[in-house]
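Top to bottom, those sequences are chains A and B. Note that the first sequence covers residues 3 to 110 in this note's numbering. Note that the second sequence covers residues 54 to 464 in this note's numbering. Ideal Cβ positions, reconstructed from N, Cα and C, are used throughout, including at glycine. Just so it is clear, the structure is predicted and the values come from calculations on it, not from any experiment. What follows is a short report on a single structure.
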Amino acid sequence: MPEARLPEQFRDLEQWIGWSLETEGERSDRRQASAMEDITAFYEAMLARMEEVLPYLEQFSLEELPDDAKRLFYLTLSLAEVAPAVEQFGQPSVVDGYDIKRFVASHR
Amino acid sequence: MAIQTHHDTDAGTNGTVWHEAYPELGTGPIPIEPCVSAEYFELERERIYKKTWLNVGRIEQLPRPGDYFVKDLPVCDTSVILTRGRDGVLQAFHNMCSHRGNKIVWDQHGSCQNFTCKFHGWSYGLDGSLRFVPDEERFCDLKKDRLGLTPVRADVWEGFIFINLDPTPPETLTEHLGELGAGLEGYPFAHLTTCYAWSTELKANWKVLKDAFHEAYHVPFLHKRSLPDSFTSPDNPYAHAFAFRLYERNHRMSVFGNPGHQPSPVELLAHRFGASIVKRDWEMADLPPGVNPTRSQFWAFDANMIFPNFDVFVFDGTYLTHNFWPLAPARTLWEVKTYFPAAQNTAQRFSQEYSKVLLREALLEDASTLEATQSMLASGAKKEFVLQDQELLVRHGHKVIEDMVGFYRRP
Numbered sequence: 003m004p005e006a007r008l009p010e011q012f013r014d015l016e017q018w019i020g021w022s023l024e025t026e027g028e029r030s031d032r033r034q035a036s037a038m039e040d041i042t043a044f045y046e047a048m049l050a051r052m053e054e055v056l057p058y059l060e061q062f063s064l065e066e067l068p069d070d071a072k073r074l075f076y077l078t079l080s081l082a083e084v085a086p087a088v089e090q091f092g093q094p095s096v097v098d099g100y101d102i103k104r105f106v107a108s109h110r
Numbered sequence: 054m055a056i057q058t059h060h061d062t063d064a065g066t067n068g069t070v071w072h073e074a075y076p077e078l079g080t081g082p083i084p085i086e087p088c089v090s091a092e093y094f095e096l097e098r099e100r101i102y103k104k105t106w107l108n109v110g111r112i113e114q115l116p117r118p119g120d121y122f123v124k125d126l127p128v129c130d131t132s133v134i135l136t137r138g139r140d141g142v143l144q145a146f147h148n149m150c151s152h153r154g155n156k157i158v159w160d161q162h163g164s165c166q167n168f169t170c171k172f173h174g175w176s177y178g179l180d181g182s183l184r185f186v187p188d189e190e191r192f193c194d195l196k197k198d199r200l201g202l203t204p205v206r207a208d209v210w211e212g213f214i215f216i217n218l219d220p221t222p223p224e225t226l227t228e229h230l231g232e233l234g235a236g237l238e239g240y241p242f243a244h245l246t247t248c249y250a251w252s253t254e255l256k257a258n259w260k261v262l263k264d265a266f267h268e269a270y271h272v273p274f275l276h277k278r279s280l281p282d283s284f285t286s287p288d289n290p291y292a293h294a295f296a297f298r299l300y301e302r303n304h305r306m307s308v309f310g311n312p313g314h315q316p317s318p319v320e321l322l323a324h325r326f327g328a329s330i331v332k333r334d335w336e337m338a339d340l341p342p343g344v345n346p347t348r349s350q351f352w353a354f355d356a357n358m359i360f361p362n363f364d365v366f367v368f369d370g371t372y373l374t375h376n377f378w379p380l381a382p383a384r385t386l387w388e389v390k391t392y393f394p395a396a397q398n399t400a401q402r403f404s405q406e407y408s409k410v411l412l413r414e415a416l417l418e419d420a421s422t423l424e425a426t427q428s429m430l431a432s433g434a435k436k437e438f439v440l441q442d443q444e445l446l447v448r449h450g451h452k453v454i455e456d457m458v459g460f461y462r463r464p
């Protein structure tokens, strides 16, 4: 058994652990490099659990998230990252958009 | 209160001709030359950028005594250090050693007691005074009290830091901001302290960038995917802004928001915990008089443009800014910042993530045409832009610049 990386009641999301990324740059890179089927599958899996995920995370302060909760929190940020790909564009990148690699974030 | 979705006088479909209120602007085409001419660009640098109040940051970048940040301003041929001194006072200086002219501070921000030149070790306090000169006795008649860093005029409005490179500016910052600035005072800028920022260098003239954000005519076309029904409706298919106001050099338009906007699933989730550029349930009572000035129920946001290159777009619960920094006739550094209250929990942080990602996607659409546009402007095939009524701010912006540049008045 590999070590569990998410809180126990969210083990069903373990398969998406690769989306648990700390920075917008990392999340965006993964979105841009992923196939639409994978993005959509992740989106649907996360969206289906958000009503449990958000109240669970609420018990911790932002600054003192335990490691497993922090990984889960980063998954919610990746849901925000991929939402427009699924809901607006139907493809990983902005349709006919400016090159996101040139649009440099100075935040995390 | 139920929001009406049928025709309303300020839904943008009332047939107002905004140009009639400003007959001095005319209605004809405007020249393309200012967006491609190297001569025009040089005049803008000399007559506008080196003489006008310029936004370079916010006070949250200098929270403690000893904090500093550097703003390189190639458009003004300088680099400026912004400091908060031991006494808490905010000051600005040219980033240049008094000895042999070396650039003093090389990193972009930090906190320190002194600035020490890497070349010969001259050291300055955060108040700009020259504190220490190695081997000082070898200089003849060194007047240390006259060899401080060269000060730059700096002032703060609503937490925004402005500088002016003209040692004797013809107007104060308050005068420069005028009625537009006064009307915004009281907006909760000081409460919205979490900043997400992007920047990019585009191969386009700074006015080509700026003009792209100064009309909503492009929204149903360029943003048909990212914002399909947020700023348009069956009654207002062309995203007509419902109020315009031109001041001497600044201006504002109030942008229509569709009350029938259908939020996506993740948007719906995000809006439970925070604001976004497409959220609609706002508290009008809290807004200062210069925000949604007509108190329209169709208000989405106000696009406020502060001359020459600073935009402040205010929404309910979030705001964003643009700074368009000219680098060359066909090169611009574009900085975008979006602000939220400090997240109190993970749900609020998730909400902000969605909001900033959605904004980013719309901005990537906004930026997508600009280099292609510039490349065709350079062809010279056409000499003029043709503007419609809703592009009033583009027309005004070009006139204000030309009034200061005087390119078409030159002998």
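Item: May I have a chain-ordered list of the beta strand (DSSP E) segments no shorter than 3 residues that lie completely inside the stretch 239-283 of chain B?; Value: 247-255
Item: For chain B, check one thing: does any of its Cβ atoms lie closer than 7 Å to the Cβ of residue 13(A)?; Value: no
Item: Can you tell which of 413(B), 156(B), 145(B) and 370(B) has its C-alpha closest to the C-alpha of residue 326(B)?; Value: 370(B)
Item: Checking the sheet assignment: what are the DSSP bridge partners for residue 209(B)?; Value: 214(B)
Item: DSSP state of residue 110(B), grouped into three classes?; Value: strand
Item: Taking residue 209(B) as the reference, which of 181(B), 143(B), 148(B) and 264(B) has the closest Cα?; Value: 143(B)
Item: If you reduce the DSSP assignment to three classes, tell me which class residue 410(B) lands in.; Value: helix
Item: I want to know whether the stretch 315-332 of chain B touches the stretch 450-464 of chain B - three or more CB-CB distances under 8 Å.; Value: no
Item: Mark residue 448(B) as exposed unless 16 or more other C-beta atoms lie within 10 angstroms of its C-beta, in which case mark it buried.; Value: buried
Item: Within 10 Å of its beta-carbon, does residue 196(B) have 16 or more other beta-carbons around it, so buried, or fewer, so exposed?; Value: exposed
Item: Tell me the DSSP bridge mates of residue 372(B)?; Value: 367(B) and 392(B)
Item: Going by other Cβ atoms of all chains shown within 10 Å of its Cβ, with 16 needed for buried, is residue 413(B) buried or exposed?; Value: buried
Item: Looking at the unbroken alpha helix (DSSP H) that takes in residue 234(B), where does it start and where does it end?; Value: 226-237
Item: Measure from the C-beta of residue 328(B) to each C-beta in chain A and report whether the shortest distance is under 7 Å.; Value: no
Item: I want to see whether chain B comes within less than 7 Å of residue 108(A), judged by CB atoms only; does it?; Value: yes
Item: Quick one: what does DSSP say residue 134(B) is sitting in, helix, strand or coil?; Value: strand
Item: Please identify, using Cβ separations under 7 Å, the residues of the stretch 39-50 of chain A that lie next to chain B, in order along the chain.; Value: 49
Item: For residue 415(B), tell me which candidate among 162(B), 427(B), 355(B) and 331(B) has the shortest Cα-Cα distance.; Value: 331(B)
Item: Specify whether the stretch 205-220 of chain B and the stretch 151-171 of chain B touch according to this definition: at least 3 beta carbon pairs, one from each stretch, less than 8 Å apart.; Value: no
Item: By how many angstroms is the C-alpha of residue 310(B) removed from the C-alpha of residue 351(B)?; Value: 5 Å
Item: On a CA-only basis, which of 99(B), 185(B), 203(B) and 186(B) is nearest residue 135(B)? Give me that one, please.; Value: 203(B)
Item: With 9 Å as the limit, tell me which residues of the stretch 91-103 of chain A have their beta carbon closer than that to any beta carbon of chain B; keep them in chain order.; Value: 91, 92, 95, 96, 97, 98, 99, 100, 101 and 102
Item: Using three-state DSSP, classify residue 145(B) as helix, strand or coil.; Value: strand
Item: Report the rounded CA-to-CA distance for residue 84(A) versus residue 446(B), giving the unit in angstroms.; Value: 35 Å
Item: Could you check whether residue 268(B) and residue 437(B) sit closer than 7 Å to each other, using their CB atoms as the reference points?; Value: no
Item: With a cut-off of 7 Å, does the C-beta of residue 6(A) fall near any C-beta of chain B?; Value: no
Item: At a CB distance below 7 Å, what residues from the stretch 257-276 of chain B approach chain A? Give them in sequence order.; Value: none
Item: How about residue 181(B) and residue 146(B): do their beta carbons lie closer than 7 Å?; Value: yes
Item: The alpha helix (DSSP H) spanning residue 109(A) covers which residue range?; Value: Unbroken run through residue 109(A): none, as it is neither H nor E.
Item: For residue 406(B), which of 57(A), 75(A), 91(A) and 13(A) has the nearest alpha-carbon?; Value: 75(A)
Item: How long is the line joining the alpha carbons of residue 95(A) and residue 239(B), rounded to whole angstroms?; Value: 38 Å
Item: Is DSSP giving residue 76(B) helix, strand or coil here?; Value: helix
Item: For the stretch 48-68 of chain A against the stretch 379-393 of chain B, do three or more pairs of beta-carbon atoms, one drawn from each stretch, fall closer than 8 Å, so that the two count as touching?; Value: no
Item: Taking the alpha helix (DSSP H) that residue 76(A) falls in, what are its first and last residues?; Value: 69-86
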